[in-house]
Amino acid sequence: MKNNSSFLTKNRGILIFFAVMLLAPFLIGLFEGSTPLMIWGNQGSLSKFIEGLGIEIFILALFALSFDLLFGITGLLSFGHAMFFAVAAYLTGIALKTLTMPFWGVVLLVLLAAIVQALLFSLVLPRVKGITFTLVSLGLASVFHIIVMSSDMINLTGADVGLQGVPVPAFISPVIERLRFYVIALTLLVVTYLFYRRFVASPTGRVCVAIRENEDRAKMLGYNTTIFKIVAMIISSLTASTAGMLHALYQPIISPAVADLAFTVTALLIVLIGGVGTLSGAIVGAFAFRLLDFSLRRFIGESASFITGAIYVIFVLFVPYGIVGTMRMRQLRTKQGWQQLLGMLKSKN
Amino acid sequence: MTVRETIIETQNLTKYFGALAAVDDVSLKIEAGTLHAIIGPNGAGKTTFFNLLSGNLKPTSGKVFYKGTDLTGKPIHRMIHLGIGRSFQITNIFPNLTVHENIRLASQAMEDNNFHFLMDTAKMDRCEERTAEVIERVGLKSQSLLPARVLSHGDQRKLELGMILAPDPEVLLLDEPTAGMATDQVPELIALIQEVQRSGTKTVILVEHNMNVVMSVSDKITVMHQGKVLAEGTSADIAANHEVQTAYLGGLYDLKL
Amino acid sequence: MKTNLRKNSKAIIILVIIAAFLFVAARGMSGRDVLITVLRGFSTGSVTFLVAAGFSLIFGLLDVLNLAQGTLYMIGAYVGWTVYVRPDTFIDVLTPVLLILAGFSLSALWGRLASRIQLAPKARKIISWLLILAGFGLLALVLTSYPIAIWNLNNYSESPITYSYMADQGLRIIPAEVTFEKISPFLAILGLLVSSAISAFGIALLNRDESKSQAINWRRYLAPAILLLIGVLAAVFNAQITGWMFAMSTNWLFVIAILIAILSGVGLGSLMETTLIRPLYNRPIYQLMLTLGLGTIGVQIVQAVWGRPEFVWPKPEFFTGTGGACPATNLADLLEYNCSTVFLLGGRVRVYDEIFIPIVGIIVLIVVWILLKRSRIGMIIRAGVQDRQMVEALGINVRRVFTLVFALGVGLATFGGALAAPSTGLTPVMGERLLLSALIALAIGGLTSFPGAALGSLLVGLIQQFMIKYGQIGIPLPFTDAVFKPSPPLVPASTVLLMVIVLLILPGGLLGSKE
Amino acid sequence: MSNILEVKNIHSFINQFHILQDVDFVVPKGSITALLGRNGAGKTTTLKSILGLASVREGKVIFEGREVQGMPPFEIAALGIGFVPEHRAIFRDLSVEENLKIAERNKGDLDRKRTFIFDLFPDLKKFLNLRGTELSGGQQQMLAIARALVADNSLLLIDEPSEGLAPVIIEHMIDAIRQLSEQSTVVLVEQNFLVASKLAKYFVIIEEGKSVASGLMKDLEADKAMIHRYLGAA
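Just so you know, the protein sequences line up as chains V, L, F and C, in that order. Numbering-wise, the first sequence is residues 49 to 397 according to the numbering used here. Numbering-wise, the second sequence is residues 4 to 260 according to the numbering used here. Numbering-wise, the third sequence is residues -4 to 510 according to the numbering used here. Numbering-wise, the fourth sequence is residues 47 to 280 according to the numbering used here.
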């Protein structure tokens, strides 16, 4: 089953997405009458707003992507996923504000923390499976949430108000250099997505899928499944931490809500909307989720959360494979039909 | 018969489930390069014995030796690397993955580049070749891109066999490979097993129900009954063994049926 | 027996180590501190146990992780508080609730009717949804004009906090009665009944296949008839009942409040199971999302109705005496003067918090244990945990048992809430932490093991209380003069740590099944 | 003689797997009928389909003149069908007595049936207070059959009663099943052809989810070619 198609054709979808998203601020700028040059100089207001929305979506998509790797690809349902995101966000904030570390040092620190956390979760992986793992991850993350919310470290974390006034390096300041921030976030998302695609097609990734499908069988085939789960956990944690760091740099306040179980559930919801285990579903889902939330809030106001909730419940019940999943099933069914037909023709001869 | 080297040996292997002794003090030697069948009525402890051999279960007491080294307590994923592969009585495959992927995963386990994140599996030539070879061998080539769950029961049994052939183990533990297969498919599969065993001088340990199959292909037969070894010997020995006649067949059977 | 010991050796070793730890921890305190801490541990443990036991029963039989259990615990507290502090509101609400339930509980009849109607599947779907919507619309219409005397969140003098405070002072404000103005009583009652009947019929039509062959049985009509009767009686004698309840001793009012809290849990539980959980039995992820979502919605509803601020549930007279020989030193004094505290080992112990709650916890443990071990329903539950299909093959309606168990599990949670509230106070977030404690307790004790739930809850309660106590008095660090005071976040952290350690050694928990 | 059970061209699914693809047979009242076939052929699924434990999407199951397909299993069972499943499914946490009591459909069923059950399986009387798991395989099988007898069932579905039992116990089981077949009709799934042929009057052969042959056991015993074709050597 040699696949000789080139990089470009195989990843057509995401590359088109990348191009469209790169152009989007400029195109939107045309509507409000700003020239591309003005957009380049971060002067348009509507386009700047759209960039901001875009950045939020990209961050969410990165986070959901990392969740999909763990849940959709490897089959581990973690209820502590938000902790990866939140630790990175708070660490970035504290390192920049209180410790006044240099930016690249902060990046290094956050990535290091991501690996440490993944290893912490991995501690229980060899023994604890299924729903117990979910509960353990929930427990670990809840502790972090409680610590963040507690008033003991109010100087560091801002407790329930959130961490404010993080000095963001000027070259990526979301206020002055928003376009640059937008492009960086977009590029990170696209590169991560491409890496994930590659990972899932790699020997390691295939074993992760096998673990999801039938872990005992994977063990019998000779794979030390624990190590593969830890690898998936580390990659996922690194991605979620990247998203968390972007969040800390972009948002004026790091709210403790990002450490809450509800934030993990958001990722789960996005993945369910987009299609579990599809990867691209995480991006599609993040767009659907954020845009729906945004427009409902805008047109209905505070009570929107109930309606959003209802829409999700209905969607999840009636489109069980998610947007991307359902689309792929259609394609596959047509493909399978053809194959069956061909098979029948062959056997007749 | 020439004297052969012992490849697997169990010493006083015992497994209790609650108060029930599923495998009771079994000491057995299996010679390298033979096709050794284990027969016995349902519930005689054959599958439990198998699970003890393959490391799926930990024995209550007793030991399993493979080429002289103690296997007890070795993690299950090491088994195939040592050269022991097993199939299951109830088809145990990855139902949502394609046939190709099922076999490929099995052969990939023997490769040393399992942790190359950025490598495309399609470019692992040796692994792909091996996969194609095995698919060809078990006769699933035309279905190789279908999800395993849509295969017929018989074809799933073949896939299961392919998954343990792929890593090319020295010892194959086959748990009722013909279970539930249509009659006309059975000889084909048995021929395949025999061929694999002879051409590669492999050791095959086979649990079977089907007496005819066992009698015609086995070099040696062990009869288990209620967790214990009742008799051991060649087909002729077993057929002539009066104890087997009465206990396993309960005096009800007529072997010459 | 020997094999039993060996099988559980790890669990026993862990327990011994925990006991040793607690013993060492106790060494650093005075005797009365130890006593109070242990009693508080039992108290927290009891409340945790009520939530955890419900969770474990539901998970064991139905395989449903009811993550709304924490919210239901909180709802129990609020319902109980309402009955206790504002009986008038309770009686006003009682009628509509009972009438709606009466309408829905006729579903057996609806099922028979629905199965007679032949419609194309699509038409049936549309018509049933239309009926459901119409029913709920009408219901909303009637309810908005139905008179209910209630507090006012925006006016401090009429807020729940004020009512609580006044009741605590023994001054009961008796708010003005509301009367039927916008709608005639007869029309209101009829409207409630009809609208709920319409939507119940819609639901029955939607699930037509399932209710294909139910036989007619007069017992099926008994429950709706009783509900209807009580509902109408409550409406007719509204003023009398309200007056009678206000005049009642707070002890009896407290008992009623607890009972109503349990009943509301049972009702909510059966409603949840039959309408929302049942269609999702084969889709565990969606169940998880659903129960989580319900939990959040519950919190929001409570915030909307009762408001966000914390308020108290005054303890009944039986636990608040201060005069006479109080704090009591012997049982006779305690009973005679209804002391709020007693002297034990030289320390003052609060009767309600540290003695009453643990006793109730132990009683519930025993009652549920007997129910499981001795009754036919318990037999079915124990069998169903192992093999649902076989139980069904014996001709037992497992679904009904499922509903019952779900209702029981939720009932235990609301009971826990109502029991704990007079000691802890009420806030909309009270359920969240308790759910976490309960989950940790279950993971420690074993997810589906009932004794495991008890043991895990006790351990979690004790560890929490010891940590809290040391947070107050501090741990002198060896070889230094420094004193380490565990800060509040370390309380849950310590239980999580224990959970992780236990699970690393015994993945199934202390008393859980092995593989 | 009338038929107590008619299975008409059923197609059944377990989850999304299409297991039975056209199974069709009748069971005459007051007889023993054996379902024969290989492992995985669909015999157990046939029993489960009758009880509604596997979903029947096409075809009919008619029990005592009443269509039962699509009804919930507990209602079908309550019409008078007893089930003895393949691996006995003795409730581990229940004592022997509770294992019997749980099968009562009306209060006191067990008291009425006590003598009959304990005459059939005297062993059970000795172990009334033991837990289900503390019994040997043979005793568990007896308990599983006894459990199906507690309520007045006119049809018993027995899956692999001889599985894993010592020959002496098999003989005992054969006697017991023969005795109880005087009261109820029995449908038997049996791998052991000799056991089946000793017991059953009629047979049905199932192969790859289809019923491929049926008739009198006498005739099958004489037809070695057919036995060989569908069942292999015994």
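All C-beta atoms in this analysis are idealised placements derived from N, C-alpha and C, irrespective of residue type, glycine included. Every value quoted in this text rests on a predicted model; they were computed, and no experiment measured them.
Problem - Beta carbon proximity, Ile232 (chain V) to chain F, threshold 8 angstroms - result: no
Problem - Stretch-stretch touch, CB-based, cutoff 8 angstroms, three pairs: the region 170 to 179 of chain C with the region 131 to 145 of chain C - result: yes
Practice task
Note the first and the last residue of the continuous beta strand (DSSP E) segment covering Glu253 (chain C).
Solution key: Annotation for Glu253 (chain C): the continuous beta strand (DSSP E) segment containing it runs Tyr248 to Glu253.
Exercise for the section: For the beta strand (DSSP E) holding Thr19 (chain L), just list the boundary residues, first then last. Expected result: According to the sequence displayed, residue 19 (chain L) carries Tyr and not Thr. Its beta strand (DSSP E) spans residues Thr9 to Phe20.
Practice task
Taking His133 (chain C) as part of the beta strand (DSSP E), name the residues at either end of that continuous run.
Solution key: Taken as a continuous stretch (DSSP letters only), His133 (chain C) belongs to no beta strand (DSSP E), as it is neither H nor E.
Problem - Under 8 angstroms from the C-beta of Asp123 (chain L): neighbouring residues of chain V - result: Asn51, Arg246, Ala249 and Ser250
Problem - Cβ separation of Val29 (chain L) and Val207 (chain L), assumed to be a contact under 8 angstroms, to the nearest whole Å - result: Not really, about 19 angstroms apart at Cβ, beyond 8 angstroms.
Exercise for the section: Could you tell me whether any Cβ in chain C is nearer than 8 angstroms to the Cβ of Asp382 (chain F)? Expected result: yes
Problem - Buried or exposed by the 16-neighbour rule on C-beta atoms within 10 Å, applied to Glu387 (chain F) - result: buried
Problem - Cut-off 6 angstroms between Cβ atoms - residues of its own chain near Ala20 (chain F), not counting five sequence neighbours on either side - result: Phe461
Problem - For Leu430 (chain F) and Tyr73 (chain F), believed in contact at Cβ under 8 angstroms, the rounded distance - result: About 16 angstroms separates the CB atoms of Tyr73 (chain F) and Leu430 (chain F); that is not less than 8 angstroms, and the two are not in contact.
Problem - Spatially closest choice to Ile163 (chain C) from C:Leu82, C:Gln229 and C:Ile252, by CA coordinates - result: C:Gln229
Exercise for the section: Compare the Cα-Cα distances from Thr181 (chain L) to each of L:Lys66, L:Met113 and L:Val210 and report the closest residue. Expected result: L:Val210
Problem - Within chain C, the residues that Leu262 (chain L) reaches when beta carbons sit closer than 7 angstroms - result: Because chain L here runs from 4 to 260, residue 262 (chain L) falls outside it and cannot be looked at.
Practice task
Would you tell me roughly how many angstroms separate the C-alpha atoms of Ile463 (chain F) and Pro483 (chain F), rounded to the nearest one?
Solution key: Annotation: Ile463 (chain F) to Pro483 (chain F) spans about 7 angstroms, alpha carbon to alpha carbon.
Practice task
Please determine, among F:Met240, F:Leu200 and F:Val189, the residue with the shortest C-alpha to C-alpha distance to Gln113 (chain F).
Solution key: F:Leu200
Exercise for the section: Within its chain, find whatever has a CB closer than 6 angstroms to the CB of Val189 (chain L); leave out the 5 residues flanking it on each side and keep chain order. Expected result: Thr181
Exercise for the section: Closer than 7 angstroms by C-beta to Gly23 (chain F): which residues in its own chain qualify, once you throw out the five before and the five after it? Chain order, please. Expected result: Counting only Cβ-Cβ distances below 7 angstroms, and skipping sequence neighbours, we find Ile470.
Exercise for the section: Would you tell me roughly how many angstroms separate the C-alpha atoms of Ala233 (chain V) and Asn90 (chain V), rounded to the nearest one? Expected result: Straight-line Cα distance between these residues: approximately 16 angstroms.
Practice task
Could you pull the start and end residues of the alpha helix (DSSP H) that His119 (chain L) belongs to?
Solution key: Neither: His119 (chain L) is in no alpha helix (DSSP H) and is coded neither H nor E.
Handout entry: alpha helix (DSSP H) segment containing Asp205 (chain C), residue limits
Key = Premise fails: Asp205 (chain C) lies in the beta strand (DSSP E), Leu201 to Asp205, not in any alpha helix (DSSP H).
Problem - Per-residue contacts from Leu389 (chain F) into chain C (C-beta, under 7 angstroms) - result: Ala123, Ile148 and Ala149
Practice task
Would you verify that the beta carbon of Leu23 (chain L) is, or is not, closer than 8 angstroms to some beta carbon of chain C?
Solution key: Yes - at least one Cβ of chain C is within 8 angstroms of the one on Leu23 (chain L).
Exercise for the section: Reducing DSSP to helix, strand and coil, say where Ile142 (chain V) ends up. Expected result: helix
Exercise for the section: Consider the Cβ of Met127 (chain L): report whether some Cβ of chain V lies at a distance smaller than 8 angstroms. Expected result: With a threshold of 8 angstroms between beta carbons, Met127 (chain L) makes contact with chain V.
Exercise for the section: Could you work out which residues of chain V lie near Leu498 (chain F), taking near to mean beta carbons separated by less than 8 angstroms? Expected result: Val172, Arg175, Val176, Thr180 and Val184
Problem - Short CB-CB distance (under 8 angstroms) between Ile96 (chain L) and chain V - result: yes
Handout entry: Proximity to Cys256 (chain V) [Cα-Cα], best of V:Ser284, V:Ser199 and V:Val176
Key = V:Ser284
Exercise for the section: Kindly say whether Asp139 (chain C), judged by its beta-carbon, lies nearer than 8 angstroms to any beta-carbon of chain F. Expected result: yes
Exercise for the section: Could you tell me whether the region 213 to 223 of chain V touches the region 162 to 175 of chain V, where touching means 3 or more Cβ pairs closer than 8 angstroms? Expected result: no
Handout entry: Bridge partner(s) assigned by DSSP for Thr72 (chain L)
Key = L:Tyr69
Problem - Inter-stretch contact (C-beta, 8 angstroms, three-pair minimum) for the region 102 to 122 of chain C and the region 352 to 370 of chain F - result: no
Handout entry: Reference Asp171 (chain L), options L:Ile41, L:Glu34 and L:His84, closest by Cα
Key = L:His84
Exercise for the section: Please name the residue, chosen from V:Ala266, V:Val154 and V:Asp341, that lies closest to Leu144 (chain V) on a Cα-to-Cα basis. Expected result: V:Val154
Practice task
Please confirm if Val191 (chain V) has its CB atom under 8 angstroms from at least one CB of chain F.
Solution key: By this cut-off, Val191 (chain V) is an interface position.
Handout entry: Short-range partners of chain V found in the region 466 to 495 of chain F, where Cβ spacing is below 7 angstroms
Key = Ser482, Pro483, Pro484, Pro487, Ala488, Val491, Met494 and Val495
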